[in-house]
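Residue numbers for the sequence shown follow our numbering, beginning at 7 and rising by one.
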Amino acid sequence: MQSATRLTLLLCAAWVAALLYGEMGAYWAAHLSCSWPSASSSSPSPSNHVKVAVIADPQLMDRTSLSLPPGSVALQAAEFFTDLNMRRSFQSVVLPFKPDVVLFLGDYFDGGTYLSDEEWQDSLFRFKHIFSMSEQRTNPHVPIYYLSGNHDIGYSAFHSVHPEVISRYEKEFGPRNFQFLSGKVDFVVVDAQTLDGGATQSKERSSSWEFIKTLSAGNESNPKILLTHIPLYRPDNTPCGPHRSSPAINQRIYSAAMDQGIKYQNYLSKQTSDLLLGLLKPILVLSGHDHDQCTVVHSTPFGPVMEHTLGTISWQQGNLYPSFMLLSAGPQNSTDSSQEVLTNLCFLPKQTHIYIWYIFQFVLTVLLLMFWPTNGLSSLPYVNAFVSFMSSAGADLFPRSKEKDDTEDGEYEMVWDAEGSMHLVKKAVARPPITNADSKTTGRGNVVARPTARKHQPEPDSSSVHVEMGSETAPEDGGKAPRPSKWKIRTVLQRLFRVVQSVAIIAVLNVPLYMMLLFKDWVDR
7 MQSATRLTLL LCAAWVAALL YGEMGAYWAA HLSCSWPSAS SSSPSPSNHV
57 KVAVIADPQL MDRTSLSLPP GSVALQAAEF FTDLNMRRSF QSVVLPFKPD
107 VVLFLGDYFD GGTYLSDEEW QDSLFRFKHI FSMSEQRTNP HVPIYYLSGN
157 HDIGYSAFHS VHPEVISRYE KEFGPRNFQF LSGKVDFVVV DAQTLDGGAT
207 QSKERSSSWE FIKTLSAGNE SNPKILLTHI PLYRPDNTPC GPHRSSPAIN
257 QRIYSAAMDQ GIKYQNYLSK QTSDLLLGLL KPILVLSGHD HDQCTVVHST
307 PFGPVMEHTL GTISWQQGNL YPSFMLLSAG PQNSTDSSQE VLTNLCFLPK
357 QTHIYIWYIF QFVLTVLLLM FWPTNGLSSL PYVNAFVSFM SSAGADLFPR
407 SKEKDDTEDG EYEMVWDAEG SMHLVKKAVA RPPITNADSK TTGRGNVVAR
457 PTARKHQPEP DSSSVHVEMG SETAPEDGGK APRPSKWKIR TVLQRLFRVV
507 QSVAIIAVLN VPLYMMLLFK DWVDR
């Protein structure tokens, strides 16, 4: 019983350690494993740079995500744990870096274009709670910039029929085409969903291209970073670099009937991509939409341009390795072109792996409680043999000096008892006969008279012993002996009761801890 108690306490401690790491320590480790970028690994990040945190595709879950009934417990649980993970990632990993600017690359709600106004407002409330800046006490008024994504306003074939989705988006998140200056760098935000399509004379497409052409004719003294939700074109099967965890996605474009615009596309068309690069001449391109990390280099007449496609920050959007980016923009008076823009890709805790570990640890807990020996590991034969072997090996390696005892002489033999445990038993040592003072000898010639020996009593036959022992176990009333199956059932029931009891103790100690860890990060402080 003491062995089972010790096992239960050990499992309780293991669960406490697992919960503390999975719900808190993993986020600390993710923060410590990343830093603001620098020109070299040995030099620190420049302190006068403008620091920008870049986040892509949060895509909050809703009734369109898992085909679950609206308001169902399963949908609410999925929304809660997904929102909680993103809130922890933002509050515990991103914000402690104290960014000067926060940038979102689009796709904020999974079913944004299909939600009613009430559902959209509910998702907006969740979004503001997840990415709240209220806990950024040192600088709570950090500017936040938003890009529009296909899940926010749809493609040209959709918003040409439902223009209200654009007005709803712009009311809360601002314009879809704009630029802002951070340090020495101009960030150019374009509405990529309107750049391609058959409706060449649409208002949205015309306004987007007019904005781009206006920038191309303006001041080119500052380096530009192009921000687009949909990545630029790249040939099929283009390698994405070492950080990608899924196969590369090739180009796919679906057009509406009667040349009414784009219904879906993975990348911008080659013509649109080349025109964007030629007009803006950016030094860097940041995009989202793909949900996985991808780094490619575009060849242009004015030199190579690198594009970073960021993975989603959500663990529920098909990426086991969610991430975000830290970007440093050079100051206004900077003359070093090598440090105008520095980037560093940072990875967040692998939430899927954490939940898999919880399941594995739960199964291991039940198996240990079911099959743990009642008397502990010492009751297992091989454990006793191992302990004896280690004891003898230790005695040989580290002999203890002591006076020799004659009683230590002799040989030992291994004896197994009925339970299978091994014991070392010393063999009897033959000693010389001791002369009995009471014995009398009488010599008469060559004949010696000895005391009369005791009459030899024969040993009982082994068969009679077996019968007698068996007769002791038989009931007095002559009934049948208990069947082994009943004994096995009773043992199984005892084991099950012990498992339930131990699991209840572990739950009583760890469930309150888990709930506290959940809600400490969910409630605004």
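Idealized CB from N, CA, C, for every residue including glycine.
**Prompt:** Just checking, does the segment 115-135 make contact with the segment 153-166 on the three C-beta pairs under 8 Å criterion?
**Reply:** yes
**Message:** Taking the beta strand (DSSP E) that His55 belongs to, which residues open and close that run?
**Reply:** Here residue 55 refers to the residue found at position 49 when the sequence shown is read from its first residue. Unbroken run through His55: none, as it is neither H nor E.
**Message:** On the criterion of 16 or more Cβ atoms from any shown chain inside 10 Å, does Asp202 qualify as buried, or is it exposed?
**Reply:** Within the sequence shown, residue 202 is the residue found at index 196, counting from 1. Classification of Asp202: buried, given that the 10 Å Cβ count is 16 or more.
**Prompt:** Which of helix, strand or coil does DSSP assign to Gly155?
**Reply:** Start at 1 with the first residue of the sequence shown, and residue 155 comes out as number 149. Three-state DSSP puts Gly155 in coil, outside helix and strand.
**Message:** For a test of the three-state rule: what should DSSP assign to Met67, helix, strand or coil?
**Reply:** The residue given as residue 67 occupies position 61 in the sequence shown. In the structure shown, Met67 sits in coil (DSSP, three-state: anything other than H, G, I, E or B).
**Message:** Please state the DSSP three-state secondary structure of Phe137.
**Reply:** Numbered from its first residue, the sequence shown carries residue 137 at position 131. Looking at Phe137 - three-state DSSP - the assignment turns out to be coil, as it is neither helix nor strand.
**Message:** Please identify the residue among Ala84, Pro379, Glu313 and Gln345 whose C-alpha is closest to the C-alpha of Thr497.
**Reply:** Taking the first residue of the sequence shown as 1, we reach residue 497 at position 491. Nearest of Ala84, Pro379, Glu313 and Gln345 to Thr497, Cα basis: Pro379.
**Message:** Which of the three DSSP states is assigned to Phe353 in this structure?
**Reply:** Sequence index remark: in the sequence shown, residue 353 carries index 347 (1-based). Note: Phe353 maps to strand in three-state DSSP.
**Request:** Report all residues from its chain with a CB closer than 6 Å to the CB of Gly294; omit the five preceding and five following residues, and keep chain order.
**Result:** As a position in the sequence shown, residue 294 is number 288, starting the count at 1. Result list for Gly294: Ala62, Asp63, Leu111, Gly112, His235 and Leu316, in chain order.
**Prompt:** Do three or more CB pairs link the segment 163-170 to the segment 267-278 at distances below 8 Å?
**Reply:** yes
**Asked** Excluding five sequence neighbours on each side, which residues of the same chain lie with their C-beta closer than 6 Å to the C-beta of Gly476?
**Response** If you number the sequence shown from 1, residue 476 lands on position 470. With a pLDDT of only 41 at Gly476, under 50, the local geometry of the prediction cannot be trusted, and the value read off the model is given with reservation. Excluding residues within five positions, none has a Cβ falling inside 6 Å.
**Asked** Closest to Ile259 by CA distance: which of Ser214, Ser41 and Gln199 is it?
**Response** Against the sequence shown, residue 259 aligns to sequence position 253. Checking every option, the nearest Cα to that of Ile259 belongs to Gln199.
**Prompt:** Under the DSSP definition of a beta bridge, which residues are partnered with Met331?
**Reply:** On the sequence shown, residue 331 is found 325 positions in, with the first residue counted as 1. The partner list for Met331 (beta bridge, DSSP) reads Val60 and Leu351.
**Prompt:** Starting from Cys18 and walking both ways along the alpha helix (DSSP H), at which residues does that stretch end?
**Reply:** What you label residue 18 is simply residue 12 of the sequence shown in a count that begins at 1. Unbroken alpha helix (DSSP H) run through Cys18: Gln8 to Leu26.
**Message:** I'd like to check one pair, Leu72 with Ala84: are the Cβ atoms closer than 8 Å?
**Reply:** Residue numbering aside, residue 84 sits at position 78 when the sequence shown is read from its first letter. Residue numbering aside, residue 72 sits at position 66 when the sequence shown is read from its first letter. In this structure, Leu72 lies closer than 8 Å to Ala84 by Cβ.
**Prompt:** The beta strand (DSSP E) with Tyr260 in it runs from where to where?
**Reply:** For the purposes of this step, residue 260 is identified with residue 254 of the sequence shown, where counting begins at 1. First-last of the beta strand (DSSP E) with Tyr260: Ile259 to Ser261.
**Request:** Ignore the nearest five residues each way along the sequence and tell me which others in His68's own chain have a CB closer than 7 Å to its CB.
**Result:** Your numbering for residue 68 matches position 62 in the sequence shown. Note that residue 68 is Asp in the sequence shown, not His. Excluding residues within five positions, the ones whose Cβ falls inside 7 Å are Phe115, Asp116, Gly117, Leu121, Glu125 and Ser129.
**Item:** Pair within 8 Å by beta-carbon distance, Ile109 and Ala36
**Value:** Here the question's residue 109 lines up with position 103 in the sequence shown. Here the question's residue 36 lines up with position 30 in the sequence shown. Sequence inspection shows Leu at residue 109; the Ile mentioned does not correspond to that position. No, they are not a contact pair.
**Prompt:** Which ranges does the beta strand (DSSP E) cover as unbroken runs of at least 3 residues, wholly within the segment 75-127, from first to last along the chain?
**Reply:** 107-110
**Request:** For Glu216, count neighbouring Cβ atoms within 10 angstroms of its own Cβ and tell me buried if that reaches 16, exposed if not.
**Result:** As a position in the sequence shown, residue 216 is number 210, starting the count at 1. Looking at its Cβ environment, which holds fewer than 16 other Cβ atoms inside 10 Å, Glu216 is exposed.
**Cβ neighbour criterion (16 or more within 10 Å) applied to Asp242** = As a working note, residue 242 is residue 236 in the sequence shown. It is exposed - the Cβ of Asp242 has fewer than 16 other Cβ atoms within 10 Å.
**Request:** Please name the residue in Leu221, Leu74 and Val302 whose C-alpha comes closest to that of Ser290.
**Result:** For the purposes of this step, residue 290 is identified with residue 284 of the sequence shown, where counting begins at 1. In the sequence under discussion, the amino acid at residue 290 is Leu, which differs from the Ser named in the question. Comparing Cα positions, the closest option is Val302.
**Prompt:** Comparing alpha-carbon positions, which option in Leu333, Val517 and Pro355 lies nearest Asp106?
**Reply:** Within the sequence shown, the letter at position 100 stands for residue 106. That would be Leu333, whose Cα lies nearest to the Cα of Asp106.
**Message:** I'd like to know whether the C-beta atoms of Leu90 and Leu81 end up nearer to each other than 8 Å.
**Reply:** The residue you call residue 90 lines up with position 84 of the sequence shown. The residue you call residue 81 lines up with position 75 of the sequence shown. Not in contact: Leu90 and Leu81 (Cβ atoms no closer than 8 Å).
**Request:** Give every residue of the same chain whose Cβ lies closer than 6 Å to the Cβ of Glu478, excluding the five residues on either side of it in the sequence, and list them in chain order.
**Result:** To locate residue 478, count along the sequence shown from 1; it is residue 472. With a pLDDT of 43 at Glu478, under the threshold of 50, the modelled position of this residue cannot be trusted; read the value that follows with caution. Once the five neighbours on either side are set aside, Glu478 has no close Cβ partner at all.
**Request:** Assign Met331 to one of two classes, buried (16 or more other C-beta atoms within 10 Å of its C-beta) or exposed (fewer than that).
**Result:** On the sequence shown, residue 331 is found 325 positions in, with the first residue counted as 1. With 16 or more Cβ atoms within 10 Å of its Cβ, Met331 is classed as buried.
**Message:** In this structure, how does DSSP classify Thr301 when only helix, strand and coil are distinguished?
**Reply:** Along the sequence shown, one-based indexing puts residue 301 at 295. It is a strand residue.
**Request:** Report back the beta-carbon spacing between Leu38 and Leu374 to the nearest angstrom; my notes put them in contact at under 8 Å.
**Result:** The residue labelled residue 38 in the question sits at position 32 within the sequence shown. The residue labelled residue 374 in the question sits at position 368 within the sequence shown. That belief does not hold up - the Cβ atoms of Leu38 and Leu374 are roughly 33 Å apart, past 8 Å.
**Asked** At which residues does the alpha helix (DSSP H) containing Glu170 begin and terminate?
**Response** By one-based count along the sequence shown, residue 170 stands at place 164. Where Glu170 is concerned, the enclosing alpha helix (DSSP H) stretches over Glu170 to Phe179.
**Asked** Cα separation between Ala3 and Arg501?
**Response** Lying outside 7 to 531, the shown extent of the chain, residue 3 is not represented and no answer is given.
**Request:** Please confirm if the segment 245-256 is in contact with the segment 181-190, defined as three or more CB-CB distances below 8 Å between the two stretches.
**Result:** no
**Request:** For Asp298, count neighbouring C-beta atoms within 10 Å of its own C-beta (all shown protein chains included) and say buried if the count is 16 or more, exposed if not.
**Result:** Indexing the sequence shown from 1 puts residue 298 at position 292. Label assigned to Asp298: buried.
**Message:** Considering only the alpha carbon of each residue, which of Tyr364, Leu283 and Ser329 lies closest to Leu222?
**Reply:** To locate residue 222, count along the sequence shown from 1; it is residue 216. The sequence shown places Ser at residue 222, rather than the Leu named in the question. Among Tyr364, Leu283 and Ser329, the Cα nearest to that of Ser222 belongs to Leu283.
**Asked** For Gly317, which residues does DSSP report across the bridge?
**Response** As a first step, residue 317 is located in the sequence shown; it is residue number 311 there, counting from the start. Note: Gly317 sits in a beta bridge opposite His297.
**Asked** With respect to the beta strand (DSSP E) encompassing Ile268, which residues constitute its N-terminal and C-terminal limits?
**Response** By 1-based counting over the sequence shown, the position of residue 268 is 262. Per DSSP, Ile268 belongs to the beta strand (DSSP E) from Ile268 to Gln271.
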